Amino acid sequence: MNYDFKEIEKKWQGYWAKHETFKAHNDSDKPKYYTLSMFPYPSGAGLHVGHPLGYIAGDIYARYKRHKGFNVLHPMGYDSFGLPAEQYAIQTGQHPAITTETNINRYREQLDRLGFSFDWSREVRTSDPKYYKWTQWVFIQLFNSWYNTDTDKAEGINTLTAIFENEGNLTVNAVCDDDTPGFSADDWKQFSKTEQEKILLKYRLTYLAAAEVNWCPALGTVLANDEIVNGVSERGGHPVIRKKMTQWMMRITAYAQRLLDGLDTIDWPQPLKDSQTNWIGRSEGASVIFKVLSPTPSEGGGVYSRLTGDSSMIGVLLERAKEMRKNPTPAEDSLWQALRNKNLDVKFRRQHPIHKYIVDFVSLEKNLIIEVDGEIHQYQLNEDAERQLLLEQKKGFKVIRFTNNEVLENIEGVISKIKGHLDSPSLGGGWGEDPSQSEIEVFTTRPDTIFGVSFMTLAPEHELVAKITTAEQKAEVEAYIEATAKRSERDRMADVKTISGAFTGAYAEHPFSKAPIPIWIGDYVLAGYGTGAVMSVPCGDQRDYDFAKHFDIDIPNIFEGVDISEEAFADKEKTIIANSDFLNGLSYNKAVKRAIFELEQLGQGKGKVNYRLRDAVFSRQRYWGEPFPVYYDANGMPQMIADEHLPIELPEVEKYLPTETGEPPLGNATNWAWDTNTNKVVSNDLVTPSAVEGSNNGIYPLELNTMPGWAGSSQYFNRYMDPHNDKAIYSEEAVNYWEDVDLYIGGSEHATGHLLYSRFWQKFLFDRGIAPKEEFARKLINQGMITGTSAFANQGYVTGYKTENGFEGKRASNVIFLLKQNENGKKDKFQYSNNDVKYVFFSSDYEYIEEYKKGEFAAPFNQVIPHRFDVGFVENNILNIEGYASNHDSFKDSLFVVPGGFWLNGKFTELFEGKSRVFVTRPEVEKMSKSKYNVVNPDAICDEYGADSLRLYEMFLGPLEQSKPWNTAGITGVHSFLKKLWRLYHSGSNGAFHVADSPSLEGLGEAFKTLHKTIKKVEEDIENFSFNTSVSTFMICVNELTAQKCTSKAILEPLAILVSPYAPHIAEELWEKMGHQTSIAEAPFPKFEAKYLVESSKEYPISFNGKMRFTLELSLDLNKDELEAAVMAHEKTQAQLAGRTPKKIIVVPGKIVNIVG
RNA sequence: GCAGGGAUGGCGAAAUGGCAAACGCAGCUGGUUUAGAACCAGUACUCUGAGAGUUCGAAUCUCUCUCCCUGUACCA
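Right under this line is the structure:
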């Protein structure tokens, strides 16, 4: 009976599904083991052989743990929200849910063929409303929480409001926005509800902010930092620009230190930990405050820039403002005339850029903004509110609003209202203020070098730039800002060598020496890191050094015995400070401490820890993602929808693109408003403009953004524990039983995305008592990538060829010169002419390709370029020409040139006798990808060799964590192993099943030795995730048992269990044939017994001066001296020594004997 | 630049201080059989990226260098 893998695999896959063999139970006396593979995004391309690697490893471990008596949870699901389905929807109009469903079905089919022991009853899909209900729920928990620095954990927002009511916020130590104002308990009580909510938003763990984001115009969405590669989008490679938008943010920075500390408690790969550590980027140093000096009269002091716009967008805004001034609305025009004629004693500007907005009218000296609104789209309410919030709180302006009607019908009333505001005492100050009140805060890791400061550099986007720039420098600074704003992030990165900057004309005061320090701006200082300003120490920092050299700024040396004439000196260890007053002679460590101490005495600095980690942007302008459970009330404040009304399901839209007004795709939905009376999603038409007093009907617009890809994947590992619970994210019993993931397997590309965010959410859930463990995965393994082998050959690139309209292009293109052997064996030029030939390919072993490249045969070709052939038609680097040409229409009429001649339309023309006729491709290892024509489909492998062969082979390829090239040819090795294994159990006549039931244990010594050697090795290998070596071990074992003609059940039964985690189908089949009624899945793993491996003697290698010369079989009972005596007495030893006396004899019992001399 | 990982036959690799190359692919020789293939038996090659050190003994530990991969970057 032959090994019929097709039949066997189908049979057992059916059996497992029918009997729910791998269903995990939440109540069991067995110890739990939770092994998880990262769930896939179900892409349209399906699986290739690289994808299952991690799943196979996880499955082997899961099956092994079942044999070891654990209650194993091994679930699988789909990360089914994502961009490709949405892109496909945009192109075809097909709903992403349909695309996703189709893809999932295809994935499932492919996964099922591989015989995984997944508990499919627990499947989750992130795009399923029943699942994302709980993603929305976690978001609400985050919204309702703040981070208490005193207790060092997240707490409910009610504990915060309780403090505010009793003490105000001055005693609160919390992670919050930088611009949070201080207030007393009385102030708090005086605040309106909206004002209170604005304050609370500064504390919540998820909050709204105008964040500078990575905007990808081509994709119409914001991307996270980890979704950008080399300045372009990871998906599609589109350019990315910086843009300010109001976004939901996650206050992950609150957890920076704990995310760092937690790494010590988990068994994750060091490179992964390192990249998280770098991403969090903790640096210790000091924050130092520099006072800005008053400008001297000679610098024309007192004239400060009126530039109030956000510097990064100023160019665009100015253009826009100019245009708007030219085309005022009637109401704007009327108010402008009135403001100029009414003798208000205050100068107004119209259409003036402030921050990222253009306001209608503004008095810069009075900090008063007047806005005139026309008919506005309801969704703009939210934006207006946000704009007002920003202008009032961040920029210190007062904003008053009028409608067009008010202005046109009652201009006198409007003017008197404005007068009232102008007279109110709260206005004033602002942009007229003296810059010497200003302070520049910097972060430095080298406070010890404070006396080396010879200038300061601000990021061009820094807030103070406009304020401190002197009249003389204004033009230069503005020009520089504009130039920088135009440069994309990519340009800036590509060109880090160019040094650029501008002098502001202003000076700061050195905190100790009180010397004036010039203030520059330069784009090597990043607005997004630290405070966006640096104290420049050219002698100690290469960037500062280069900047100083370039602009001819003084470079004082504050290091003892160091030459800084060529470059900066940055070695902390060797630092001895000089020329630095009280720091003289101190080492780095001591100087840092002293400098911080002195700064604290002055009140101009303190020790500080800075993190590179930024709060994470949580809004995406996409359709195919989780909708936020958020609506905006009449004041534009975000409100959470109560838990019991979740999920808020994605609305239907007609188009999946952003709206014409630039709103996210959900802006296309017609049913996307929240009725607080009925708690239902209702038509947008029911929303009334809240600007009109008293028309509030309790129906509000819903949030238009959706959540990012990492939202759903940040809680799925917990949800698997109790996936169908609709009352809670999971039951307490379930989470207390499973607790956390014991083994997590997945790719390292998620290091700073999914794996960091998930840790953040888990810590948050832990703080709030929702999860029992602070880290969600104890052990993590990164499987390596399986690379593909692309098949290259050269293509002569022809621009002109015959078409239906006659010949197009160059006439020469259809003449191909080749070499031909003449009668004398010499080579002649051979001219081949055929108008139908479109492409010419040269076999990789075609000798004259160089001459083509050099142009010696160049007439027909523009160039010779490499061409990738579909690896499906390549075997052992030989192309199946006919198969390839007939399956690729465009290459049908191609000429395939080989050393012996050429092929065209299946016919061979010989030019050289006896030379090769096969077309050879050149293999090159690349990432496996459809576009590289090098993907290998697991289905084809399963058809030809079976799932067990594929599983074994993927493991056999090499160490799990290493990247390795795929080579289908090698699979015959493991496949014939399986056949040998099968034959071992079918040693009867005609291959009949034969396993001896009642063996005589006598005479099985060798077999037991083989078995237990195998048990020991396989068990060790699985525990160490060294799956490749256990496959070898199986091969050795089967080879040995076959040689021993072993048929004993006592050997073959345990062997089937050993093999079962790797090749479960064949193991089940053999198990059944040996008389078992139930699945092998929970059969106890064979117990290793050392007694079978006890040896009485050993082949000792005998070395002379470390070189092995021969071996001697000696008893293991001999002690050192006896061994030495036995070896020295031997004739071979004497022969080697040839009369010399050894200086020294090293005897290691059980290992080796080494004779020196 | 920084951080991490790596370099062993023609290829994938094994050996973590003690007989280098187990196991498999490819190659070669022979056999059995065949529509194709498959199967069986046998077999060669190469000496651990370079250099130095520690050691009785180094692929393995230490140092220096070279090259490759991965991640990350004006991070103050």
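In our numbering, each residue's number is its place in the first sequence (first place is 1) plus 1143. Where is the CB? At the ideal position from N, CA and C, for every residue including glycine. Given the structure is predicted, the values throughout are model-derived calculations rather than measurements.
Among the options, whose alpha-carbon lies nearest the alpha-carbon of residue i?
i: threonine 1802; options: Tyr1766, Tyr1775, Arg1902, Val1825; result: Tyr1766
i: serine 2191; options: Ser2169, His2137, Ala1429; result: His2137
i: alanine 1670; options: Phe1586, Phe1935, Lys1166; result: Phe1586
i: glutamate 2212; options: Val1267, Arg2126, Glu2183; result: Arg2126
i: valine 1825; options: Pro1807, Leu1845, Gly1810, Asn1811; result: Leu1845
i: leucine 2236; options: Leu2147, Leu2266, Ser2029, Asp2086; result: Leu2147
i: glycine 2346; options: Leu1415, Leu2201, Asn1840; result: Residue coverage of the chain in this structure runs from 1144 to 2300, which leaves residue 2346 outside it and unanswerable.
i: valine 2078; options: Phe1973, Gly1212, Ser1933, Leu2100; result: Ser1933
i: glycine 1675; options: Asp2264, Ala1713, Leu1793, Glu1584; result: Glu1584
i: asparagine 2080; options: Val1550, Leu2184, Glu1252, Tyr1274; result: Glu1252
i: threonine 1930; options: Asp1758, Lys2107, Pro1915; result: Lys2107
i: lysine 2058; options: Pro2207, His2010, Glu1990; result: Glu1990
i: asparagine 1839; options: Gly1852, Asn1820, Gly1855, Leu1847; result: Asn1820
i: glutamate 1966; options: Tyr1982, Tyr1754, Glu2056, Cys1359; result: Glu2056
i: tryptophan 1331; options: Ala1228, Glu1308, Ser1901; result: Glu1308
i: threonine 1849; options: Trp1881, Glu1797, Pro1772, Gln1858; result: Pro1772
i: leucine 1257; options: Phe1224, Phe1148, Ala1228, Gly1311; result: Phe1148
i: aspartate 1818; options: Glu1795, Tyr1843, His2031; result: Tyr1843
i: leucine 2184; options: Thr2153, Ile1247, Glu2166, His2208; result: Thr2153
i: aspartate 1271; options: Ala1240, Phe1973, Leu1216; result: Ala1240
i: asparagine 1169; options: Phe1261, Glu1875, Lys2070; result: Glu1875
Less than 7 angstroms between C-beta atoms, sequence neighbours within five positions excluded: which residues of the same chain meet that for residue i?
i: glutamate 2232; result: His2155
i: serine 1426; result: Thr1588, Asn1753
For residue i, name the three-state secondary structure that DSSP assigns.
i: phenylalanine 1694; result: helix
i: cysteine 2085; result: helix
i: isoleucine 1701; result: coil
i: aspartate 1689; result: helix
i: leucine 1570; result: Note that leucine 1570 scores a pLDDT of 41, beneath 50, so its modelled location is shaky; the value from the coordinates is reported in the next line. DSSP places leucine 1570 in coil when its eight states are reduced to three.
i: phenylalanine 1504; result: strand
i: alanine 2356; result: Since the displayed the chain opens at 1144 and closes at 2300, residue 2356 lies outside it and no answer follows.
i: phenylalanine 1903; result: helix
i: valine 1735; result: helix
i: tryptophan 1815; result: coil
i: alanine 1934; result: strand
If you follow the beta strand (DSSP E) that residue i is in, where does it begin and where does it stop?
i: lysine 1416; result: Where lysine 1416 is concerned, there is no enclosing beta strand (DSSP E), although the alpha helix (DSSP H) it sits in stretches over 1413-1423.
i: isoleucine 1342; result: Looking at the DSSP string, isoleucine 1342 is not in any beta strand (DSSP E); the run it does join, the alpha helix (DSSP H), is 1336-1344.
Note the first and the last residue of the continuous alpha helix (DSSP H) segment covering residue i.
i: phenylalanine 2177; result: 2170-2186
i: leucine 1254; result: 1239-1256
i: glycine 1852; result: 1852-1856
i: tryptophan 2109; result: Run containing tryptophan 2109: none; DSSP gives neither H nor E here.
i: threonine 1235; result: 1226-1235
i: lysine 2122; result: 2114-2127
Leaving out five residues before and five after residue i in sequence, what residues of the same chain have Cβ atoms less than 6 angstroms from its Cβ?
i: asparagine 1214; result: Ser1171, Lys1173, Lys1175
Who are the Cβ neighbours of residue i in its own chain at under 8 angstroms, not counting the five residues just before and after it?
i: serine 2203; result: Arg1206, His1210, Ala2210, Glu2211, Trp2214, Ile2223, Ala2224, Ala2226
i: isoleucine 1739; result: Ala1429, Pro1590, Gly1748, Lys1749, Gly1750
> If we count Cβ pairs, one from each stretch, closer than 8 angstroms, do we get three or more for the segment 1735-1753 versus the segment 1775-1792?
Replying inline: no
> Is the segment 2193-2206 touching the segment 2147-2167, taking contact as three or more C-beta pairs under 8 angstroms?
Replying inline: The segment 2193-2206, when compared against the segment 2147-2167, does touch it at the 8 angstroms Cβ threshold.
> Are at least three pairs of beta-carbons, each pair with one atom in the segment 1172-1183 and one in the segment 1151-1164, less than 8 angstroms apart?
Replying inline: Pairwise C-beta distances place the segment 1172-1183 out of contact with the segment 1151-1164, as fewer than three of them are shorter than 8 angstroms.
> Does the count of Cβ pairs from the segment 1881-1895 and the segment 1920-1932 closer than 8 angstroms reach three?
Replying inline: yes
>> Under 8 angstroms, with one C-beta from each stretch per pair, do the segment 2260-2271 and the segment 2289-2298 reach the 3-pair mark?
In response: They touch, by the three-pair rule.
>> Under 8 angstroms: do the segment 2093-2104 and the segment 1184-1196 share three or more Cβ pairs, one atom per stretch?
In response: With a cut-off of 8 angstroms on Cβ pairs, the segment 2093-2104 is in contact with the segment 1184-1196, counting three or more such pairs.
> Do the segment 1721-1739 and the segment 1317-1325 touch if we need at least three Cβ pairs shorter than 8 angstroms?
Replying inline: no
> When the Cβ atoms of the segment 1679-1691 are set against those of the segment 1608-1625, are three or more pairs found closer than 8 angstroms?
Replying inline: The segment 1679-1691 vs the segment 1608-1625: no contact.
> Pairing CB atoms from the segment 1220-1235 with CB atoms from the segment 1254-1272, are three or more of them under 8 angstroms?
Replying inline: yes
> Do the segment 2111-2125 and the segment 2080-2092 touch if we need at least three Cβ pairs shorter than 8 angstroms?
Replying inline: yes
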